[in-house]
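Undergrad: For reference, the structure I am asking about is given below.
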Amino acid sequence: MASYPKYQNHEISPMKCPVNLEDVDLFGQGAQEHWYEAYEILHRESPVYRIEGGGITPGTDAYVLTKHADIAMVVKDPVRYINLTQQRIIDFAAQGLSAEDMFKTYRSLMQASMVALRPTQELYIKHRKELTDPWVGTGATRHREMITKHANDLIDEWINDGSVEFVSRFARPLPQRVFASILGFPQSDIPQLAEWGDAVVTPFVHGTGLKHELTPEQTKTMLKRLEGFQDYIYEHVRAKRLDPQDDMVSFLCEVHYEALDRKLTDLEIAGIVHAMILGGLETTQYALEEQAQLLCETPGLFEQLRNDRTKVRAFTEESMRMRSPTHGLSTRMTSQDEVFQGVKVPAGSLLHLRFAAANVDEEEFPCPFDLELERQGGVTRHLTFSAGPRVCPGANLSRIEQQIAWNVLFDRVKDISFADDNTFMHQPGIMLGTLKVNLNFVQA
Ligand code: HEM
Numbered sequence: 018m019a020s021y022p023k024y025q026n027h028e029i030s031p032m033k034c035p036v037n038l039e040d041v042d043l044f045g046q047g048a049q050e051h052w053y054e055a056y057e058i059l060h061r062e063s064p065v066y067r068i069e070g071g072g073i074t075p076g077t078d079a080y081v082l083t084k085h086a087d088i089a090m091v092v093k094d095p096v097r098y099i100n101l102t103q104q105r106i107i108d109f110a111a112q113g114l115s116a117e118d119m120f121k122t123y124r125s126l127m128q129a130s131m132v133a134l135r136p137t138q139e140l141y142i143k144h145r146k147e148l149t150d151p152w153v154g155t156g157a158t159r160h161r162e163m164i165t166k167h168a169n170d171l172i173d174e175w176i177n178d179g180s181v182e183f184v185s186r187f188a189r190p191l192p193q194r195v196f197a198s199i200l201g202f203p204q205s206d207i208p209q210l211a212e213w214g215d216a217v218v219t220p221f222v223h224g225t226g227l228k229h230e231l232t233p234e235q236t237k238t239m240l241k242r243l244e245g246f247q248d249y250i251y252e253h254v255r256a257k258r259l260d261p262q263d264d265m266v267s268f269l270c271e272v273h274y275e276a277l278d279r280k281l282t283d284l285e286i287a288g289i290v291h292a293m294i295l296g297g298l299e300t301t302q303y304a305l306e307e308q309a310q311l312l313c314e315t316p317g318l319f320e321q322l323r324n325d326r327t328k329v330r331a332f333t334e335e336s337m338r339m340r341s342p343t344h345g346l347s348t349r350m351t352s353q354d355e356v357f358q359g360v361k362v363p364a365g366s367l368l369h370l371r372f373a374a375a376n377v378d379e380e381e382f383p384c385p386f387d388l389e390l391e392r393q394g395g396v397t398r399h400l401t402f403s404a405g406p407r408v409c410p411g412a413n414l415s416r417i418e419q420q421i422a423w424n425v426l427f428d429r430v431k432d433i434s435f436a437d438d439n440t441f442m443h444q445p446g447i448m449l450g451t452l453k454v455n456l457n458f459v460q461a
């Protein structure tokens with residue numbers, strides 16, 4: 018019998034904890050507090066869970082996949098399982114609009130940039146290899162020193178206090194500072210960048226249902242909050258074209274994109290920056306704060322890791338498996354009739370990939386709620402970052418950030434424990450994010 022994470026706070030949820038399949042609701046208000054109970058029911062009774070009428074077009078259904086084997090197969094085969102973002106880009110590209118006209122019509126910098134730079138799956142791979150990998154993928158190791166400095170600076174601010182609210186004073190500002198440094202934006206702009214970062218992720222936090230839908234009112238508010246963001250990026254692009262520095266935006270201004278044999282326009286660069294901010298800020302924050310909670314919940318773990326740093330990597334991987342920041346995304350569609358776990362899924366169905374459920378699938382990970390630093394088969398088999406050709410492009414950066422963060426924390430702090438005043442309230446939406454984690458600690 019699985020033992021569930023202790024973080025869940027059933028009392029504060031407006032939804033009652035599911036006991037059987039009829040109770041399962043992964044998307045309603047307060048669902049976060051019972052996700053892991055719901056996964057056990059789904060794995061046992063309905064590992065491919067149909068949501069009638071939940072598909073992309075009227076009359077089609079959506080299916081929630083929860084098994085590791087199914088999701089791994091889907092994400093590794095982009096021909097059979099269509100990536101909806103890529104499909105949208107292919108459809109837009111077929112309209113033959115320029116990136117500028119695309120932006121004027123649809124108001125999405127990211128999509129306009131994608132249509133111009135990576136309108137096919139093949140160009141997606143090249144775009145990633147040439148433009149983002151050198152900074153947040155394979156090249157992310159170049160940031161080690163900078164990340165270490167930011168981690169130390171943040172700890173300096175509270176190390177003499179004996180207690181700290183870990184989210185606002187470490188887990189959230191660390192990825193913000195790191196990102197500002199990578200992109201080449203001044204650290205003093207972080208409050209404004211954070212406001213834009215929050216606005217960008219609105220659908221994943223305040224959207225409803227499996228498609229993260231916003232009301233027209235919410236969309237209007239989001240766009241209002243994003244005012245100035247685009248001009249800000251353009252301003253920096255223009256300045257860096259004249260006076261390039263050692264940062265990602267300067268690199269994007271100068272790089273010759275081999276795949277299209279040309280340089281990038283301002284709009285294309287702005288779209289890439291937008292995508293980085295969307296994907297990269299909150300996710301790493303959630304990973305770090307869930308790791309702090311796991312350390313408080315597991316007797317002896319803090320000391321063990323502090324004394325044996327070779328295990329820090331395994332700890333960050335196992336904790337991302339057990340408490341995945343991105344619980345699920347509705348990003349794929351079947352291109353032909355399929356059968357998953359004996360369930361027929363027609364062509365044209367929407368697939369909601371429940372990465373976090375796959376990560377606690379007992380068939381793949383025996384005793385899934387035990388944190389095992391030497392898990393058989395390796396600690397990186399989880400699907401937290403997805404897998405296959407569309408695997409998260411910033412996974413390497415996030416991994417390095419987490420590993421450095423804990424190494425620095427282990428250097429400077431002897432032990433941590435929960436303070437008395439935690440409610441473990443989670444934010445709404447599709448991410449697992451605890452809003453506040455109050456810790457007591459002993460300085461090293
Ligand atoms: C713990 C941290 C993170 C988690 C859990 C995470 C998770 C994911 C997942 C599950 C996907 C979907 C992949 C798919 O569709 O198969 C994704 C995509 C993406 N991630 Fe991450 N991510 C993290 C950190 C980052 C960082 C640091 C960046 C930026 C540097 C980033 C940028 C992106 C982008 C741009 C995409 C969309 C790629 C596309 O166009 O298909 N992510 N991420």
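By the count of my numbering, the sequence shown reaches residue 461 at its end, each step adding exactly one. We put the CB at the ideal spot given by N, CA and C, even for glycine.
Give the DSSP-derived three-state secondary structure of R194 in the structure shown.
TA: Helix.
Undergrad: Out of L38, L82, L134, which has the shortest C-alpha to C-alpha gap to I107?
TA: L134
Undergrad: For the beta strand (DSSP E) that Y249 lies in, which residues bound it at each end?
TA: Careful: Y249 lies outside any beta strand (DSSP E), inside the alpha helix (DSSP H) at 246–259.
Undergrad: I'd like the ranges of any alpha helix (DSSP H) spanning at least 4 consecutive residues and lying wholly in the stretch 250–326.
TA: List check, alpha helix (DSSP H) in window: 265–271, 283–297, 299–314, 318–324.
Undergrad: Do Q103 and Q138 come within 8 Å of each other at the CB atom, strictly closer than that value?
TA: yes
Undergrad: Return the bridge partner residues of L368 from the DSSP annotation.
TA: The partner list for L368 (beta bridge, DSSP) reads Y80, R349.
Undergrad: Below 7 Å CB to CB, which residues in the same chain sit around V218 once its five sequence neighbours on both sides are set aside?
TA: L295, E299
Undergrad: What is the rounded straight-line gap between the Cα of Q46 and the Cα of R258?
TA: 46 Å
Undergrad: Tell me, to the nearest whole angstrom, how far the beta carbon of F109 is from that of L284; I am working on the premise that it is less than 8 Å.
TA: For a cut-off of 8 Å, the C-beta gap from F109 to L284 is around 14 Å, too long to register as a contact.
Undergrad: If V91 and L370 are in contact, beta carbons under 8 Å, what's the gap, nearest whole angstrom?
TA: 6 Å
Undergrad: According to DSSP, simplified to helix, strand and coil, what is Q128?
TA: helix
Undergrad: Hey, would you say the C-beta of G288 is under 7 Å away from at least one heavy atom of ligand 1?
TA: Answer for G288: no, Cβ out of range of ligand 1.
Undergrad: In terms of alpha-carbon separation, which member of D278, M127, Q310 lies closest to K533?
TA: With the chain covering only 18 through 461, there is no way to say anything about residue 533.
Undergrad: Beta-carbon separation of D78 and S415 under 8 Å?
TA: no
Undergrad: Should S198 be counted as a contact of ligand 3 given a C-beta to heavy atom distance under 7 Å?
TA: Ligands present in the displayed structure are limited to ligand 1, and ligand 3 is not among them.
Undergrad: What residue from S198, H51, T343, L388 has the CA that sits closest to V222's CA?
TA: T343
Undergrad: Start and end of the alpha helix (DSSP H) containing I99?
TA: Run containing I99: none in the alpha helix (DSSP H); it sits in the beta strand (DSSP E), 98–100.
Undergrad: Comparing alpha-carbon positions, which option in V153, T165, E54 lies nearest V290?
TA: That would be V153, whose Cα lies nearest to the Cα of V290.
Undergrad: What do you reckon, are the CB atoms on R186 and L210 nearer than 8 Å?
TA: no
Undergrad: Under the three-state reduction of DSSP, which class applies to K121: helix, strand or coil?
TA: Looking at K121 - three-state DSSP - the assignment turns out to be helix.
Undergrad: C409: beta carbon under 7 Å from a heavy atom of ligand 1?
TA: yes
Undergrad: On the three-pair Cβ rule with 8 Å, is the stretch 322–342 touching the stretch 303–312?
TA: yes
Undergrad: Below 8 Å, how does it come out for the stretch 327–334 and the stretch 382–398: are there three or more Cβ pairs, yes or no?
TA: Under the Cβ criterion (8 Å, minimum of three pairs), the stretch 327–334 counts as touching the stretch 382–398.
Undergrad: Which residues mark the beginning and the end of the alpha helix (DSSP H) in which L227 is found?
TA: Here L227 belongs to no alpha helix (DSSP H), and DSSP marks it neither H nor E.
Undergrad: Sort G297, G71, K237 by Cα distance to I417 and report the nearest one.
TA: G297
Undergrad: Looking at C-alpha atoms only, which residue of E162, P220, L101, A216 is the closest neighbour of M448?
TA: P220
Undergrad: For my contact list, P35 and I68 are in at a C-beta cut-off of 8 Å; report their separation, rounded to the angstrom.
TA: Rounded, the Cβ-Cβ distance is 15 Å, inconsistent with contact.
Undergrad: Taking the Cβ atom as the reference point for each residue, do M350 and T401 lie within a distance shorter than 8 Å?
TA: no
Undergrad: By the 10 Å Cβ neighbour count, where 16 or more other Cβ atoms means buried, how is S267 classified, buried or exposed?
TA: buried
Undergrad: How should L452 be labelled, buried or exposed, when 16 other C-beta atoms within 10 angstroms of its C-beta is the threshold for buried?
TA: exposed
Undergrad: Could you tell me the alpha carbon to alpha carbon distance between N424 and L243, rounded to whole angstroms?
TA: 35 Å
Undergrad: Please list, in chain order, all residues of the same chain as T155 whose beta carbon is under 7 Å from its beta carbon, the five residues on each side excluded.
TA: N413
Undergrad: Between the Cα of K166 and the Cα atoms of V195, A157, N26, E62, which residue gives the shortest distance?
TA: V195
Undergrad: Could you give the residue range of the alpha helix (DSSP H) that holds N424?
TA: 412–429
Undergrad: Take D42 as the anchor and find which of F458, G446, G450, L311 has the nearest alpha-carbon.
TA: G446
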